[in-house]
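Chains as they are written, first to last, in the numbering used here: chain A, 1112 to 1505; chain B, 1112 to 1505; chain C, 1112 to 1505; chain D, 52 to 175; chain E, 52 to 175; chain F, 52 to 175.
From the three backbone atoms N, C-alpha and C, an ideal C-beta is built for every residue, glycine too.
The structure displayed is predicted, hence computed values, not measured ones.
Remarks on the structure that follows.
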Amino acid sequence: MWQAFVNAITKLASESGFANITYLNLVLISIALVFLYLAIVKNYEPLLLVPIAFGMLIANLPLGGLMNPSLWDDPISFEAILHEGGLLDLLYLGVKLGIYPPLIFLGIGAMTDFGPLIANPKSLLLGAAAQFGIFGTYIGAMALGIFTPQQAGSISIIGGADGPTAIWLTSKLAPELLGPIALAAYSYMALVPIIQPPIMKALTTKKEREVVMQQLRPVSKTEKILFPIIVTIIVVLIIPSAAPLVAMLMLGNLFKECGVVERLSDTAQNALTNIITIFLGLTVGATASADKLSQPGFGLQALSIILLGLIAFSVGTAAGVLFGKVMYKFSGGKINPLIGSAGVSAVPMAARVSQVVGQKANPQNFLLMHAMGPNVAGVIGSAVAAGVLLSILG
Amino acid sequence: MWQAFVNAITKLASESGFANITYLNLVLISIALVFLYLAIVKNYEPLLLVPIAFGMLIANLPLGGLMNPSLWDDPISFEAILHEGGLLDLLYLGVKLGIYPPLIFLGIGAMTDFGPLIANPKSLLLGAAAQFGIFGTYIGAMALGIFTPQQAGSISIIGGADGPTAIWLTSKLAPELLGPIALAAYSYMALVPIIQPPIMKALTTKKEREVVMQQLRPVSKTEKILFPIIVTIIVVLIIPSAAPLVAMLMLGNLFKECGVVERLSDTAQNALTNIITIFLGLTVGATASADKLSQPGFGLQALSIILLGLIAFSVGTAAGVLFGKVMYKFSGGKINPLIGSAGVSAVPMAARVSQVVGQKANPQNFLLMHAMGPNVAGVIGSAVAAGVLLSILG
Amino acid sequence: MWQAFVNAITKLASESGFANITYLNLVLISIALVFLYLAIVKNYEPLLLVPIAFGMLIANLPLGGLMNPSLWDDPISFEAILHEGGLLDLLYLGVKLGIYPPLIFLGIGAMTDFGPLIANPKSLLLGAAAQFGIFGTYIGAMALGIFTPQQAGSISIIGGADGPTAIWLTSKLAPELLGPIALAAYSYMALVPIIQPPIMKALTTKKEREVVMQQLRPVSKTEKILFPIIVTIIVVLIIPSAAPLVAMLMLGNLFKECGVVERLSDTAQNALTNIITIFLGLTVGATASADKLSQPGFGLQALSIILLGLIAFSVGTAAGVLFGKVMYKFSGGKINPLIGSAGVSAVPMAARVSQVVGQKANPQNFLLMHAMGPNVAGVIGSAVAAGVLLSILG
Amino acid sequence: MKDALNLAIIGTTVVFASLVLIIICIKIYTAIVAMINNRNNKSINKNNDSDSGKGISVHSTTNVNSSSSLDGLSPELIAVITAAIAACMDSSGAGLQVKSIKRIGHNTPIWNVAGRNEHILSKI
Amino acid sequence: MKDALNLAIIGTTVVFASLVLIIICIKIYTAIVAMINNRNNKSINKNNDSDSGKGISVHSTTNVNSSSSLDGLSPELIAVITAAIAACMDSSGAGLQVKSIKRIGHNTPIWNVAGRNEHILSKI
Amino acid sequence: MKDALNLAIIGTTVVFASLVLIIICIKIYTAIVAMINNRNNKSINKNNDSDSGKGISVHSTTNVNSSSSLDGLSPELIAVITAAIAACMDSSGAGLQVKSIKRIGHNTPIWNVAGRNEHILSKI
Ligand code: NA
Ligand code: NA
Ligand code: NA
């Protein structure tokens, strides 16, 4: 009996995580803990980074069987996933099937006020200009020569400064990079107040930054209701592959603005978005497990993603500001170029940065509302950009 | 390079929706916009019609790939749907598998007070009589000769004046008509205040309309708790095929009345119902796409559905009022026949119409509560009727 | 035509539940009604027992087709379940795939304050000791000779006094006993205030019961944030098979304590937990249908489960109290052994029982907070025990 | 067409049969409930004493027998609400939209507050 | 690399094209809305009378044409909020976090309250 | 039966081993936290000055080091709650059901209010 006991304990011990943990697991666990620290103590986009980092943590504790990366190799058998999948595999179905990001966009749409954009439609140009961060980075990523076009496209979408869009595109083009790209996207979004100001100051004169913009006109309820319907029709007609993101974003906004379905708007913003955020974050984080990331050359790829993400944000910011300067010229000095940087999205952080930098140059300067226009335009812009990338590379 | 650019743009343009939109798409988009207008501006059942109309809109913007009707042809392969389905295909699983309507009934049950019905059980007869709108319309639909029995059954259930019941039955019997039938059902429910009063006035004398009914007795908590349990047992024993709807309706009501699971009652009424409503409306609307509706003869069918739906509502109203007149006679003038029209369900609109018409005849007349009895009885009645239709035609 | 009518009615009647109900159905319906009574009138864990009992009720009304036990025989085909499953089969997927119990643990984690445990880590020993109720019962169940090891393990987990853990383990080891085990687990949890006090009084002296424990130190936010992270790492490393339960419990707690994701914490506690509770209860109850329970020898098994469940609770309580006495000795009389009984979990009932029994011995005695330590430790302890059982028997 | 007529008759029959059966059951069980309530009301004083010595009962038993459709609202509150509804009924028959009178349930988990309470108690 | 550059140019073109098209549409439809609103405002007095006799209208039609981004908040409330924001803006440029001004919607199902109302009405 | 006994012993061992390991870790990390807190408290005055010039910090960092299980409730509030609990504890040992002391989180999206604020600011 003693022997049996010893045997059983030995078997349990050999099945325990202690016996099976790898060096790479430890590295990834450490990274997960750093992200937990950043999310909780430094307030880096905690709503997503807490679940993502926790997912990364538990996926790297060996043998939990919570997620089995081998199930997701092509060709995928859903019957096999249902038979053998762990908890996180099953929740990950919502990512793989492209369900979670559009539903989060539904909630974001129900939280977004497009009023400033409708009042000043030219803002959309700034939201378009800032997407050059995406396409510029794509060229850079391809130039490195270590990424497939699909991977390069997924990395470049970090420059969209929009988490769900990045996750949605990456899960379709390069799911093997989902973890690192999501982490980079949300980290840089949190770092917007650090990254953007130096670029904005370097590219503008004090006189430009001091420009006080004209009060936006009030926008009627009818205009706000028509906006999501019209944008849906235009964008889906031009670039059908962006339909899941844009249509859901606009449906959420229609719920908010139409004023007759407050129940649905409220649930889309809260219960639904929160549930999906938990599942999305946890499973996206869990893809960053040692099982998946141990292929050769991954370290170099990871470093490149970090670098390229920074480039993407910087280029996007610069493009937005420079386009803002063009509009400053054409408008005869009525448009403050600082609102251009808000075009990268990162709602509402980037708009606040415009406000802060503008107010430093001129304490009477309230750019927040003017910057919200390019800011929400950037969300539409990067969804369109994601649609283009998916259409060409998918 | 210029050539490559032109080629790529040409390819994108040929893949865009502009190049692929059909005449029927445009017609259906216009109809969707009309329904959005009715829902938002005219308050036609906006909770369902906003999502349905938006679903119809985006499903008719070509190539979005949000919904692929061909995946739903018999025999259905769920593995294929998971591999190739768009966002709306995946959400439509909840309709096809018959999950959404019962869950909405759970929420409706948690919102419904059966007290007036328990206080005056004879109301159930009126709730039964009004279902003649369903069966009368079935005869009419078959007489037209352009519908299969399954289609005729699905159309006639419009007379049940109960959206989830209509969607549930149609998704099982004639999914190809789901979009038009759902639109007709919710539209006519919104039109109850227009459709019913003339019929009610035509069939009753002023003296009948002036009848002030006796105050309902208070109903004890115990009676309210026992009601959903007993109704579940009876109805599921008699007509098992109605079980998903009736059992969920009654479970929701038990949550509400038992007083010890307020958490569950609250979530059933709000978060759960709202989430399902969004998914249900969006996907039901999306079934009304040109891909699906372009078979020959569809235009005639659609017109017939509109006509038959109106007949169904009218016959149901008339049957309820006429049965109310019978009860007026038998009760020695104690029952106001106007409460009979509320038996079609369309909760709580039809009961309010009884109140309004009654008050017009006699300003001291408060029929609302008395009409709530037949009104909620009509919900049970049409669920039973749907069970019969499914059992015979399914 | 009259003949056709008679035929159709006869067919409907022969398809009705009245014609097909069995003796065992009636017994099980009666039991379901008794549990509804206990849940609603006697407040026996109503949040779970109302849905469980209602599920049991409707699954025993014949021919509703809500649940088809034959679909769940090995080997399971999920494609077949999607094609032929009833409403409850489809919702039961969340049980079978092991999704619901971890998500409920997420909500429980977000509701649990581990502060008292962190302030007095020795409480964990009491939470460990009380798990002897599980393992002691396992020996007893095997000794009876009528259960497989998997069934014995599932029955013994009733002693964990933790509903979701019991359901999770049973759904994996012995799904054929899911209904009875869930009913027994929740019933005994509700009976904790009846079962525990006599055992506690029998095993302790009045002097021991009178011990007033020292005020717990305040616990800092940092300590509370680190706790879930550290426990996840340790437990998942030692016993990976417990990962789904423990990781989700701790993620929920991290949401609660980190203070930066209140949205997620709120939804995890409310909307998500409530939705899952409804689906879990309903489908677990529905497994207790006559179709499934009619195999020979089941009556004896059911009675054994009732008996063994009581033994499990009693042994667990006794083990906790006895270990408490050991700690009383070693601490020089500073620890009140009454807090040991709280180690069985049954949060927060068992801790309240410690409070009540302690206060009876000494009106100045406030043990509640001290008993919360072992109480929440018991949740972790039984999750670990479930992991061990799954690892050895699974 | 004969089939269609047949289905219509069967359907109407089954709907009426089901709902009549429900009527009968309601009549029966409400009569039973009323009977039990009457008996209980008579014996309620006696039971009150014996119950209190019954031992531990962590939750107070919900009083499911009290016949009240008002969930224990105070008369003052009812008066206010009544006035509001009356005003509403006068002005318009159709726009009748009264907000629900309901108490919000408190579902806060008790063990959430344990640490706080203990801390507070020590200051008493 | 040529492909990459190509994709970048195409992408930028499509993004700009889409957003410019949206700009054009916004300009057009806001102009139309403004035109209709102006016309409506002139004829609003006339319509008010004819509308009221139109028959049953259970829900009052939502006034979608009123141009207000403030959802009908009273001036006093706005003054209070304004002061709060101003204070906030002074002290810090970055920490700008204003709570939303919003009315909570009431979605209580009307038929929940039916039993209660009836009971109450009988006391009037 | 030998197998069963074996499993019981192993199970108990593993449960105890896990929970003892957790005890050890709690002891270690709480000691570390306490040490860091002590050090921080000493140097807190110095840091306050240097921090304020650090540049943009959009969210104020959550003060995770403060040792408080009361989440910053004011003493008056605690007094009220204490009284309530004390009253409750006196009357009954078993029915102890205190409502949670909690602040409702505000998760209103900031960009919802942008239009309103801007409009308001222009009136200042
Ligand atoms: Na963007
Ligand atoms: Na009906
Ligand atoms: Na336990």
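Does ligand 2 have even one heavy atom less than 8 Å from the beta-carbon of D:Thr63? Checking the Cβ of D:Thr63 against ligand 2 gives no.
Under the three-state reduction of DSSP, which class applies to D:Asn89: helix, strand or coil? helix
Other residues of its chain near B:Ala1494: CB distance less than 6 Å, five sequence neighbours each side excluded: Thr1276, Ala1353, Leu1356, Val1357
Meets three-Cβ-pair contact criterion under 8 Å: the stretch 1268 to 1275 of chain C and the stretch 1368 to 1375 of chain C: no
Nearest-angstrom Cα separation, counted from B:Gly1218 out to C:Lys1207: 25 Å
Are the C-beta atoms of F:Asn88 and some chain C residue less than 9 Å apart? Cβ-Cβ to chain C under 9 Å: yes for F:Asn88.
Tell me the rounded alpha-carbon separation between A:Asn1154 and A:Pro1304. 12 Å
Quick check on B:Val1117: does DSSP put it in helix, strand or coil? helix
Sequence-ordered residues whose beta carbon comes within less than 6 Å of a heavy atom of ligand 2: B:Gly1271, B:Ala1272, B:Asp1273, B:Val1455, B:Ser1456, B:Gly1489, B:Val1490, B:Gly1492, B:Ser1493
Just to confirm before moving on: does the CB-CB distance between F:Leu56 and C:Gly1492 stay below 9 Å? no
If we count the other Cβ atoms within 10 Å of its Cβ and call it buried at 16 or more, is A:Lys1318 buried or exposed? exposed
Compare the C-alpha of A:Phe1434 against each of A:Phe1243, A:Leu1504, A:Leu1204, A:Ile1187 and name the closest. A:Phe1243
Residue range of the unbroken alpha helix (DSSP H) whose run includes C:Phe1165: 1157 to 1170
Using the three-state DSSP reduction, which class does F:Asn57 fall into: helix, strand or coil? helix
Given that a residue counts as buried once 16 or more other Cβ atoms are within 10 Å of its Cβ, and exposed if not, what is C:Trp1113? exposed
How would you call C:Val1487, buried or exposed, if buried means at least 16 neighbouring beta carbons within 10 angstroms? buried
Is the beta carbon of C:Gly1396 less than 9 Å from the beta carbon of C:Leu1168? yes
Just by C-beta distance, which residues in the stretch 1276 to 1302 of chain C are closer than 9 Å to chain A? For the stretch 1276 to 1302 of chain C, which is checked against every Cβ of chain A, not one residue is closer than 9 Å.
Listing by chain order, which chain E residues have their CB less than 7 Å from the CB of B:Ala1119? Asn57, Ile61
Classify A:Glu1195: buried if its beta carbon has 16 or more other beta carbons within 10 angstroms, exposed otherwise. exposed
Check for me: the alpha helix (DSSP H) holding C:Pro1339 runs from which residue to which? Looking at the DSSP string, the run of the alpha helix (DSSP H) that includes C:Pro1339 is 1332 to 1349.
Quick one: using the 10 Å Cβ neighbour count with 16 as the cut-off for buried, is A:Pro1474 buried or exposed? exposed
In chain C, which residues lie less than 8 Å from F:Lys78 when you measure between Cβ atoms? By Cβ distance, chain C contributes Pro1232.
Might you give, ordered along the chain, the residues of its own chain that have their beta carbon closer than 6 Å to the beta carbon of A:Ala1296, omitting 5 neighbours on each side? Ile1269, Gly1274, Ala1277
Any beta carbon from chain C within less than 9 Å of A:His1194's own beta carbon? yes
Should B:Gln1466 be listed as close to ligand 1, given that the test is whether its C-beta is under 8 Å from any heavy atom? Checking every heavy atom of ligand 1 against the Cβ of B:Gln1466, none is found closer than 8 Å.
Within-9 Å CB hit, C:Gly1176 to chain F: no
Within chain C, partners of B:Thr1343 - CB distance below 9 Å: Phe1165, Leu1168, Ile1169, Leu1172
Let me make sure I understand the geometry here. Which of C:Ser1127, C:Thr1248, C:Val1468, C:Ala1423 has the alpha-carbon closest to that of C:Asn1447? C:Val1468
Measure how close the beta-carbons of C:Ile1503 and C:Thr1248 come, nearest whole angstrom, since I'm counting them as under 8 Å. About 15 Å; that fails the 8 Å criterion.
Alpha carbon to alpha carbon, what distance is there between B:Ile1387 and B:Pro1162? 11 Å
For a contact meaning CB atoms closer than 8 Å, what does C:Leu1123 contact in chain D? Ile61, Val65
Roughly how many angstroms separate the alpha carbons of C:Ile1140 and B:Arg1328, rounded to a whole number? Near 31 Å, if we compare the C-alpha coordinates of B:Arg1328 and C:Ile1140.
Through-space distance from B:Ser1331 to B:Val1323, alpha-carbon basis: Straight-line Cα distance between these residues: approximately 24 Å.
Look at the alpha carbon of B:Lys1445 and the alpha carbon of B:Gly1427, and state the distance between them as a whole number of angstroms. B:Lys1445 and B:Gly1427: Cα-Cα distance of roughly 22 Å.
Between the C-alpha atoms of F:Leu72 and C:Gly1238, what's the straight-line distance to the nearest angstrom? Looking at the two C-alpha atoms, the distance is approximately 13 Å.
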